[in-house]
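Worksheet: the structure to be examined is printed underneath.
Number of protein chains: 2
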Amino acid sequence: MEGYDLLAVAQHGQVQVDGVLERFFSLAKNRASAFGAEYVLLWGALEANTTGGKRFRPRMVFSAYQSLGGTDFEAAAYVGAAFELLHTALIVHDDVIDHDFTRRGVPNISGTYRDRARFGGASERAAEHKGISAAVIAGDLALFNAYRLVDRSGVDDVTRSRLLEVVDDALFASAAGELIDVDFATAIDMPRVDDILTMERLKTAVYSFECPLQAGAILAGASEEVITTLAEFGRDIGIAYQIVDDLLGVFGEEAQTGKTTIGDLREGKRTVLISYATSTAAWEQIEPLIGKADLSEDEAERVRAALVSSGAESFAQGLARYYGNRALARLAEPHIPASLRIELYPVVDAVLGRVK
Amino acid sequence: MEGYDLLAVAQHGQVQVDGVLERFFSLAKNRASAFGAEYVLLWGALEANTTGGKRFRPRMVFSAYQSLGGTDFEAAAYVGAAFELLHTALIVHDDVIDHDFTRRGVPNISGTYRDRARFGGASERAAEHKGISAAVIAGDLALFNAYRLVDRSGVDDVTRSRLLEVVDDALFASAAGELIDVDFATAIDMPRVDDILTMERLKTAVYSFECPLQAGAILAGASEEVITTLAEFGRDIGIAYQIVDDLLGVFGEEAQTGKTTIGDLREGKRTVLISYATSTAAWEQIEPLIGKADLSEDEAERVRAALVSSGAESFAQGLARYYGNRALARLAEPHIPASLRIELYPVVDAVLGRVK
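Going down the list, the sequences are from chains E and P.
Reminder that position 114 of the first sequence reads as 114 in the working numbering, one-by-one numbering, no gaps.
Take any residue in the second sequence, note its place counting from 1, add 1000, and you have its number in the working numbering.
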């Protein structure tokens, strides 16, 4: 999700969030030094995996917060940083589950530790094991401290309680989505489009859109009506985003997205596109190529052509537009202040702008 | 650590802690049902891995709390339950790291899910992967909710903050210890006795003794002096406990400990016993047998005899007694109330009673 920028979204809170995270990691590394140099390195690796992202979730917190009149940017930065750490924890453990040693071409925590162990002369198996072990530990630290950052935001008791519930909802949903995703991998039948949307929403969209927007609104003291509508907006735009993400994973421009357009096909990733294609006559051509680890660029091109001719591509585009429009309709509700609309329209545009 | 009972420690708070955990899991399963039956099953597996233990850490919380005059057993039960969930999270992820599918002879979460996937026709590799994935997710849920239970204990802000810091300390130390343990596995040299004690203390003793005792004292509103002394007591008795645990892993009575006396030797576990033995003439005999996956009972008996004749056994026994006596000396300090002494002497006795 970090691979392409929602350029239209202002860089709200970036400096403040970076500041909170910098202080957090600086304190942690300092504290870790009493436990040995290796532990400081682990915290450093976690920090490296937390920085450099687009701070997308903190921006959602700030978008809602600022447009709803919030002015305590320090508190918002803590809440934003909490979502950022939660995101780090989830991708670090997702990579453990997927046995991935890189993310967007760069070694992740597992990869960094695997490579170090290799360099130290460990066998491939031992090196991989070392990498995965370090990632399990680092993810635990990030997860736990996501909670801790909300607690340190300095807000009143009632607000803190509600924010913690939202972060809890985020993890609760993401774990459910991850479990469904794991089940997909061993399932014999291709999951239905609906099931894929549910999985993608739970695993990623809830904690990336719904919950950060809700948290920003709660922090700003918005009415229940506004909080609910924002959550619904977040759900719809989040689903649209995931569908577009699936489209870009096959039809995108690598230079723009930073993501290959062959990886998803080689991996046999269950996406809306592929699920739809199973119900079409083109499936015969596509099926033998999906999940082929050594899929060539020519073969990938054939799959892409079949996904277009079968109507799978336009179905997915239409579905993304449908959810994008639903999101817009939420913003049109009368209780949504104009400032919030002005803030969030560009988010919808940025998501849908990717669908030609 | 759950394998043998500290019988002398009263069953303080067991009912209350069980009640808190029962309500917690009942709510979680109810909430999970909106995400599908599989998610309810995962929560059920987590619950099964949390219940049935000796509730050792909650008992440490209650021991300190009650002897220091605390009377809000509901709050103490929440804090105790938080440590229990933290313990579950740590062992579930420790099993992921160690690639263990059973704990004390019973399938753990990884094992349960591996076996289910096997039964469903998955390949061995896919089934193991499914098991480990489920355990990563379940451990995350337990870890996050450990924090959440402290937050729900209903105590005042200042106390809550301090309790959260203690739980944070517990995880911070345990992660450091786990990392050192992972490093031991690939290290070429046998770690020194001191390094093993540090690792065991950080990985297990801090969150099992030091932190729960501290938390109980904080909750009871004890003086800083008492809190500090209790933490020191916890550190010393925790180290003693770990040394005894290592001894029992080789010389124990399986019927009593519920733990084989050959597993540690087959695994090549780095213990105080083994580390000491490297510096003795008996090492020549021992070395080729340590970490031998198919070590026979006869060979194990030879290792045991060499560990006795080399003085490793009596060294470890002496070290355990030394730390046990240090723990007793802490309790003798004048600011420790008699009620706390009466409560904790039996804990020391129970630990040292295992050293013949």
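Quick reminder that beta carbons are idealized off the backbone N, C-alpha and C, glycines included.
(1) Three or more C-beta pairs closer than 8 angstroms, one from the region 220-229 of chain E and one from the region 173-184 of chain E: is that the case here?
(2) Using a C-beta cutoff of 7 angstroms, does His-1093 (chain P) count as contacting chain E?
(3) Under 9 angstroms, CB to CB, which of the residues in the region 1126-1137 of chain P have a partner in chain E?
(4) In the DSSP output, what is Thr-1271 (chain P) paired with across the bridge?
(5) What span of residues does the alpha helix (DSSP H) with Asn-49 (chain E) cover, start to end?
(6) Using only alpha-carbon positions, find the residue among E:Asp-246, E:Ser-314, E:Ser-161 that is nearest to Lys-269 (chain E).
(7) In or out: Glu-1047 (chain P) buried (at least 16 other Cβ within 10 Å) or exposed?
(8) Taking the alpha-carbon positions, what's the Gly-177 (chain E) to Gln-1317 (chain P) distance?
(9) Compare the C-beta of Tyr-113 (chain E) against all C-beta atoms of chain P and say whether one is closer than 7 angstroms.
(10) Does any CB atom of chain P fall closer than 7 angstroms to the CB of Thr-278 (chain E)?
(11) Identify the residues that DSSP records as bridge partners of Thr-1257 (chain P): which are they?
(12) Between the alpha carbons of Tyr-1241 (chain P) and Val-1351 (chain P), how many angstroms are there, rounded?
(13) Shorter than 7 angstroms from the beta carbon of Phe-1035 (chain P) to some beta carbon of chain B?
(14) Measuring only the C-alpha atoms, how far is Val-158 (chain E) from Asp-1151 (chain P)?
(15) Along chain E, in chain order, which residues have C-beta atoms closer than 7 angstroms to that of Thr-1186 (chain P)?
(16) Secondary structure at Thr-975 (chain P), three-state DSSP: helix, strand or coil?
(17) Determine, using beta carbons only, whether Phe-1144 (chain P) comes closer than 7 angstroms to chain E.
(18) Closer than 7 angstroms by C-beta to Ala-89 (chain E): which residues in its own chain qualify, once you throw out the five before and the five after it? Chain order, please.
(19) Strictly under 7 angstroms for the Cβ-Cβ distance: is Val-166 (chain E) near chain P by that measure?
(20) Would you identify the three-state DSSP class for Pro-1107 (chain P), choosing helix, strand or coil?
(21) Less than 6 angstroms between C-beta atoms, sequence neighbours within five positions excluded: which residues of the same chain meet that for Val-1020 (chain P)?
(22) Taking the C-alpha atoms as reference points, what is the distance between Val-206 (chain E) and Leu-248 (chain E)?
(23) Roughly how many whole angstroms lie between the Cα atoms of Val-15 (chain E) and Val-1017 (chain P)?
(24) Is it the case that the Cβ atoms of Cys-1211 (chain P) and Ala-1170 (chain P) are separated by a distance below 7 angstroms?
(25) Are three or more beta carbon pairs between the region 231-240 of chain E and the region 326-336 of chain E nearer than 8 angstroms?
(26) So Leu-219 (chain E) packs on Tyr-65 (chain E), CB below 8 angstroms; how close in whole Å?
(27) Measuring only the C-alpha atoms, how far is Gln-256 (chain E) from Ala-281 (chain E)?
(28) Please report the straight-line C-alpha distance between Gly-3 (chain E) and Arg-104 (chain E), rounded to a whole angstrom.
(29) Taking CB distances under 7 angstroms as the criterion, tell me whether Glu-1284 (chain P) reaches chain E.
(30) What residue range does the alpha helix (DSSP H) around Val-244 (chain E) cover?
(31) Taking buried to mean at least 16 other C-beta atoms within 10 Å of its own C-beta, is Pro-1058 (chain P) buried or exposed?
(32) Where does Gly-1111 (chain P) land, buried or exposed, given buried means 16+ other C-beta within 10 angstroms?
(33) Just checking: is the beta-carbon of Asp-264 (chain E) within a distance shorter than 7 angstroms of some beta-carbon in chain P?
(34) One question on the structure: do Leu-1340 (chain P) and Ser-1067 (chain P) come within less than 7 angstroms of each other, judged by their Cβ atoms?
(35) For Asp-168 (chain E), is the beta carbon positioned less than 6 angstroms from some heavy atom of the ligand GDP?
(36) Please confirm whether Leu-1219 (chain P) has its beta-carbon closer than 7 angstroms to some beta-carbon of chain E.
Let me lay it out:
(1) At 8 angstroms Cβ cutoff, the stretches do not touch.
(2) On the second sequence, position 93 is the one that residue 1093 (chain P) refers to. So, interface residue.
(3) Ala-1126, Ala-1127, His-1129, Lys-1130, Ile-1132, Ser-1133, Ala-1134, Val-1136, Ile-1137
(4) By one-based count along the second sequence, residue 1271 (chain P) stands at place 271. DSSP output for Thr-1271 (chain P) lists no bridge partner at all.
(5) For the purposes of this step, residue 49 (chain E) is identified with residue 49 of the first sequence, where counting begins at 1. Per DSSP, Asn-49 (chain E) belongs to the alpha helix (DSSP H) from 37-50.
(6) For this step, residue 269 (chain E) is matched to residue 269 along the first sequence. Answer by Cα proximity: E:Asp-246.
(7) The residue given as residue 1047 (chain P) occupies position 47 in the second sequence. Glu-1047 (chain P) is buried by the Cβ-count criterion.
(8) Indexing the first sequence from 1 puts residue 177 (chain E) at position 177. Indexing the second sequence from 1 puts residue 1317 (chain P) at position 317. Taken atom to atom, the span from the alpha-carbon of Gly-177 (chain E) to that of Gln-1317 (chain P) is near 50 angstroms.
(9) Mapped onto the first sequence, residue 113 (chain E) falls at position 113. Not one chain P Cβ lies under 7 angstroms of Tyr-113 (chain E).
(10) Here the question's residue 278 (chain E) lines up with position 278 in the first sequence. Answer no: the Cβ-Cβ gap between Thr-278 (chain E) and chain P never drops below 7 angstroms.
(11) For this step, residue 1257 (chain P) is matched to residue 257 along the second sequence. Residue pairing of Thr-1257 (chain P) in beta bridges, as defined by DSSP: absent, with no partner found.
(12) Taking the second sequence and counting its residues from 1, one reaches residue 1241 (chain P) at position 241. Taking the second sequence and counting its residues from 1, one reaches residue 1351 (chain P) at position 351. Approximately 6 angstroms between the Cα atoms of the pair.
(13) The chain inventory of the structure shown lacks chain B, comprising the protein chains E and P.
(14) Within the first sequence, residue 158 (chain E) is the residue found at index 158, counting from 1. Within the second sequence, residue 1151 (chain P) is the residue found at index 151, counting from 1. Straight-line Cα distance between these residues: approximately 12 angstroms.
(15) Numbered from 1 along the second sequence, position 186 holds the residue referred to as residue 1186 (chain P). Ala-117, Ala-122, Ala-126, Lys-130, listed in chain order.
(16) Since the first residue of chain P shown is 1001 and the last is 1356, residue 975 (chain P) is not available in this structure.
(17) Residue 1144 (chain P) sits at position 144 when you count from the first residue of the second sequence. Cβ-Cβ to chain E under 7 angstroms: yes for Phe-1144 (chain P).
(18) Looking up residue 89 (chain E) in the first sequence gives position 89. Here the set comprises Gly-139, Ala-142, Leu-143, Ala-146.
(19) Counting from 1 along the first sequence, the entry for residue 166 (chain E) is found at position 166. Answer no: the Cβ-Cβ gap between Val-166 (chain E) and chain P never drops below 7 angstroms.
(20) Locating residue 1107 (chain P) in the second sequence gives position 107, counting from the first residue. It is a strand residue.
(21) Position 20 of the second sequence holds residue 1020 (chain P). Taken in chain order, the residues that qualify are Ala-1077, Tyr-1078, Ala-1081.
(22) Here residue 206 (chain E) is taken as the residue at index 206 of the first sequence, counted from 1. Here residue 248 (chain E) is taken as the residue at index 248 of the first sequence, counted from 1. So the alpha carbons of these two residues sit roughly 20 angstroms apart.
(23) Residue 15 (chain E) sits at position 15 when you count from the first residue of the first sequence. Residue 1017 (chain P) sits at position 17 when you count from the first residue of the second sequence. Looking at the two C-alpha atoms, the distance is approximately 44 angstroms.
(24) For the purposes of this step, residue 1211 (chain P) is identified with residue 211 of the second sequence, where counting begins at 1. For the purposes of this step, residue 1170 (chain P) is identified with residue 170 of the second sequence, where counting begins at 1. Cβ distance < 7 angstroms, so Cys-1211 (chain P) and Ala-1170 (chain P) count as in contact.
(25) yes
(26) Reading the first sequence from its first residue, position 219 is the one you call residue 219 (chain E). Reading the first sequence from its first residue, position 65 is the one you call residue 65 (chain E). Between Tyr-65 (chain E) and Leu-219 (chain E) the Cβ distance is about 5 angstroms, and since that is below 8 angstroms, they are a contact.
(27) The residue labelled residue 256 (chain E) in the question sits at position 256 within the first sequence. The residue labelled residue 281 (chain E) in the question sits at position 281 within the first sequence. Each residue's alpha carbon lies about 32 angstroms from the other.
(28) Taking the first sequence and counting its residues from 1, one reaches residue 3 (chain E) at position 3. Taking the first sequence and counting its residues from 1, one reaches residue 104 (chain E) at position 104. Low confidence applies to Gly-3 (chain E): its pLDDT is 37, below 50, so where it sits in the model is not reliable, and the reading given next is rough at best. Taking the straight line from one Cα to the other gives about 8 angstroms.
(29) Taking the second sequence and counting its residues from 1, one reaches residue 1284 (chain P) at position 284. By this cut-off, Glu-1284 (chain P) is not an interface position.
(30) For the purposes of this step, residue 244 (chain E) is taken as the residue at position 244 of the first sequence. Start and end: 224-251.
(31) Here residue 1058 (chain P) is taken as the residue at index 58 of the second sequence, counted from 1. Residue burial annotation: Pro-1058 (chain P) is buried, with at least 16 other C-beta atoms found within 10 angstroms of its C-beta.
(32) Here residue 1111 (chain P) is taken as the residue at index 111 of the second sequence, counted from 1. Flag for Gly-1111 (chain P) reads buried.
(33) To locate residue 264 (chain E), count along the first sequence from 1; it is residue 264. So, not an interface residue.
(34) Taking the second sequence and counting its residues from 1, one reaches residue 1340 (chain P) at position 340. Taking the second sequence and counting its residues from 1, one reaches residue 1067 (chain P) at position 67. Yes. Within cutoff.
(35) Here there are no bound small molecules, and the ligand GDP is not part of this structure.
(36) Counted from its first residue, the second sequence places residue 1219 (chain P) at position 219. So no, Leu-1219 (chain P) is outside the interface.
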